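Undergrad: 1 is the number of the first residue of the sequence shown in our numbering; add one for each residue after it. Quick reminder that beta carbons are idealized off the backbone N, C-alpha and C, glycines included. Source: prediction; values computed, not measured.
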Amino acid sequence: MEMQKKIEAEKQEENRTETACFMNMCMIQDAEGRILALDKVDDHYTGTTFPGGHVERGEIFVKSVIREVKEETGLDIQNPHLCGVYHWYKGEIHNVVFLYKADRYTGELRSSEEGRVYWVSREEFKKKQLAPGMEEVLHIMDSEQISECYEQLEDGEYVGALY
Numbered sequence: 001m002e003m004q005k006k007i008e009a010e011k012q013e014e015n016r017t018e019t020a021c022f023m024n025m026c027m028i029q030d031a032e033g034r035i036l037a038l039d040k041v042d043d044h045y046t047g048t049t050f051p052g053g054h055v056e057r058g059e060i061f062v063k064s065v066i067r068e069v070k071e072e073t074g075l076d077i078q079n080p081h082l083c084g085v086y087h088w089y090k091g092e093i094h095n096v097v098f099l100y101k102a103d104r105y106t107g108e109l110r111s112s113e114e115g116r117v118y119w120v121s122r123e124e125f126k127k128k129q130l131a132p133g134m135e136e137v138l139h140i141m142d143s144e145q146i147s148e149c150y151e152q153l154e155d156g157e158y159v160g161a162l163y
């Protein structure tokens, strides 16, 4: 009987554990209200987006977004604010992007191998060829009520639901 309970407990734990890939993205705003755009040049993810990237093993989430922004833009952001989460499954991996905002930074803007970075108005940003999912990301960044987007694969295409 004790062995059966142990087996059931292990199965429950397996159902709660999954493989995840953590990432981040940060919308940076300057004193004139412009936002920092990144024209991503990657075979797998292209279009206009915000700077960000992968969280390294053992890295604190907020420190990872500070590091990624520095690598991709040359800017050192201060006090990034967590606004929400954007997530989806690809195969067995749960991909989770933590979405941040920042309006305090130092440094000099420079592009990187990730793509060109530049300041643009929010209206101009929306007219760009946006990277996949950026419409939903903007909804989260602009909303006090919406803080999550879950992308689900339907008929071979990802469809986002906002919560």
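According to DSSP, is Asn-79 part of a helix, a strand, or is it coil?
TA: Correct three-state label for Asn-79: coil.
Undergrad: Ordered along the chain, which non-local residues of its own chain (more than five positions away) have a Cβ less than 6 Å from that of Val-41?
TA: Once the five neighbours on either side are set aside, the close Cβ partners of Val-41 are Gly-115.
Undergrad: Using DSSP's beta-bridge definition, name the partner residues of Ile-35.
TA: Answer is Gln-29 and Val-120, bridged to Ile-35.
Undergrad: Rank Val-117, Ala-161 and Glu-59 by C-alpha distance to the C-alpha of Glu-148 and give the top, closest one.
TA: Residue Ala-161 is the option with its Cα nearest to Glu-148.
Undergrad: If you drop the 5 nearest sequence neighbours on each side, which residues of the same chain put their C-beta closer than 8 Å to that of Asn-79?
TA: Ala-102 and Arg-104.
Undergrad: What separation, rounded to the nearest whole angstrom, lies between the Cα atoms of Val-62 and Met-27?
TA: Cα to Cα, Val-62 sits roughly 14 Å from Met-27.
Undergrad: Would Leu-75 and Met-25 be called neighbours here (beta carbons separated by less than 8 Å)?
TA: Not a contact, by the Cβ cut-off of 8 Å.
Undergrad: By DSSP, does Ser-64 sit in helix, in strand, or in coil?
TA: Ser-64: helix per DSSP, three-state reduction.
Undergrad: In this structure, what does DSSP give as the bridge partners for Glu-148?
TA: For Glu-148, which the question treats as bridged, DSSP gives the partners Val-85.
Undergrad: Using a 10 Å radius around the Cβ and a threshold of 16 neighbouring Cβ atoms, would you call Glu-72 buried or exposed?
TA: Buried: at least 16 other Cβ atoms inside 10 Å.
Undergrad: Give a yes or no on contact between the segment 88-95 and the segment 48-62, applying the rule of three or more CB pairs nearer than 8 Å.
TA: With the cut-off at 8 Å, the segment 88-95 and the segment 48-62 do not touch.
Undergrad: Can you give me the C-alpha to C-alpha distance between Glu-108 and Val-69, rounded to a whole angstrom?
TA: Cα to Cα, the separation comes out at about 12 Å.
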